[in-house]
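Numbering (my numbering), first residue to last: 2 to 306.
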């Protein structure tokens with residue numbers, strides 16, 4: 002396996018991708034609550050459009066045979082589980098909270114790498130994991146005391162936090178597996194198409210099984226259409242392609258080094274679009290503790306390597 006090489010250009014691409022992923026839970030929450038598009042239906046629409054685009058791209062490149070390589074389907078499985086849990090998490094919990102839980106992904110990459118690939122855990126992992134979890138608890142402390150937090154349909158729900166945590170575990174496994182597919186001759190485009198097929202192929206039957214009903218596309222307001230197009234093109238297509246490319250070029254540890262950037266992006270955009278501003282001192286302290294501890298950990302690990 003080739004050793005990841007540091008590149009300012011690719012790190013900038015990773016930062017752009019993290020910006021898009023910071024906006025993801027905001028738009029996912031907006032489209033589910035304001036536009037009233039059910040979560041799995043939203044996944045089907047956004048990923049279905051992306052799948053059609055990538056079918057054309059892969060066909061032009063003559064890479065359909067790569068879709069049969071089993072290593073690519075493992076990546077697709079993790080991507081599907083990540084997508085489903087992530088979009089549903091955005092329905093139940095505020096965008097900034099979903100993003101905050103996502104900041105645990107770098108540490109989960111280390112833990113999953115240790116359990117799955119028997120990679121040795123870097124020093125200070127336990128300390129930073131403790132600080133990060135403490136920061137998450139501090140930020141959520143006000144909401145935990147609110148009765149609506151424990152309701153299935155509340156604006157801030159334990160369901161959303163649990164889904165966000167499961168989604169972060171799936172993202173960690175996805176990141177670890179993507180780079181390993183490069184040795185099997187699977188292109189980034191074919192890898193992306195595989196995960197889109199998995200997401201759409203799972204979302205449609207799941208949506209039917211749980212009884213989702215949505216026939217309101219013709220009645221969507223222009224602003225809803227605008228955000229749906231941005232979500233489908235800029236986030237689902239753009240962010241995913243950037244993620245696959247940067248993971249292969251830089252590796253999971255370097256890509257996650259700038260992941261804390263997602264939190265301020267998510268908090269600011271959520272404030273403007275959803276009115277979900279971070280307001281209390283405990284929210285600021287908790288968010289800062291998690292973001293700074295993860296960033297410090299990644300910077301020290303980068304210097305040690």
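By construction, the Cβ of each residue, glycine as well, lies at the ideal position given by its N, Cα and C atoms.
Taking just the CA atoms, how far does residue j sit from residue i?
i, j, result
"residue 82", "residue 174", "10 Å"
"residue 70", "residue 236", "26 Å"
"residue 12", "residue 251", "8 Å"
"residue 242", "residue 57", "15 Å"
"residue 40", "residue 117", "31 Å"
"residue 207", "residue 286", "39 Å"
"residue 263", "residue 221", "29 Å"
"residue 165", "residue 99", "6 Å"
"residue 294", "residue 105", "10 Å"
"residue 25", "residue 233", "10 Å"
"residue 267", "residue 181", "30 Å"
"residue 91", "residue 162", "9 Å"
"residue 86", "residue 132", "25 Å"
"residue 292", "residue 101", "8 Å"
"residue 160", "residue 167", "11 Å"
"residue 134", "residue 112", "14 Å"
"residue 50", "residue 196", "13 Å"
"residue 95", "residue 198", "28 Å"
"residue 213", "residue 9", "44 Å"
"residue 216", "residue 42", "10 Å"
"residue 93", "residue 245", "28 Å"
Assign residue i to one of two classes, buried (16 or more other C-beta atoms within 10 Å of its C-beta) or exposed (fewer than that).
i, result
"residue 1", "Beyond the ends of the chain as shown, which are 2 and 306, falls residue 1; an answer cannot be given."
"residue 37", "exposed"
"residue 3", "Reliability of the predicted coordinates at residue 3 is poor, the pLDDT of 49 falling under 50, and the value obtained from them is presented with this limitation in mind. Label assigned to residue 3: exposed."
"residue 278", "exposed"
"residue 276", "exposed"
"residue 47", "buried"
"residue 226", "exposed"
Please determine, among the options, the residue with the shortest C-alpha to C-alpha distance to residue i.
i, options, result
"residue 84", "129, 98, 95 and 103", "103"
"residue 261", "20, 10, 9 and 14", "20"
"residue 79", "66, 209, 218 and 193", "193"
"residue 63", "188, 296 and 132", "188"
"residue 30", "274, 290 and 120", "274"
"residue 238", "259, 74, 137 and 191", "191"
"residue 66", "246, 186 and 218", "186"
"residue 74", "200, 120 and 231", "200"
"residue 114", "209, 176, 54 and 219", "176"
"residue 22", "265, 289 and 204", "265"
If you check the beta carbons only, do residue i and residue j fall under 8 Å apart?
i, j, result
"residue 271", "residue 27", "yes"
"residue 139", "residue 283", "yes"
"residue 72", "residue 256", "no"
"residue 327", "residue 76", "Because the chain here runs from 2 to 306, residue 327 falls outside it and cannot be looked at."
"residue 281", "residue 125", "no"
"residue 248", "residue 179", "yes"
"residue 129", "residue 109", "no"
"residue 17", "residue 228", "no"
Does the beta carbon of residue i sit closer than 8 Å to a beta carbon anywhere in chain C?
i, result
"residue 263", "Among the chains of the structure shown, chain C does not appear; only one protein chain is present."
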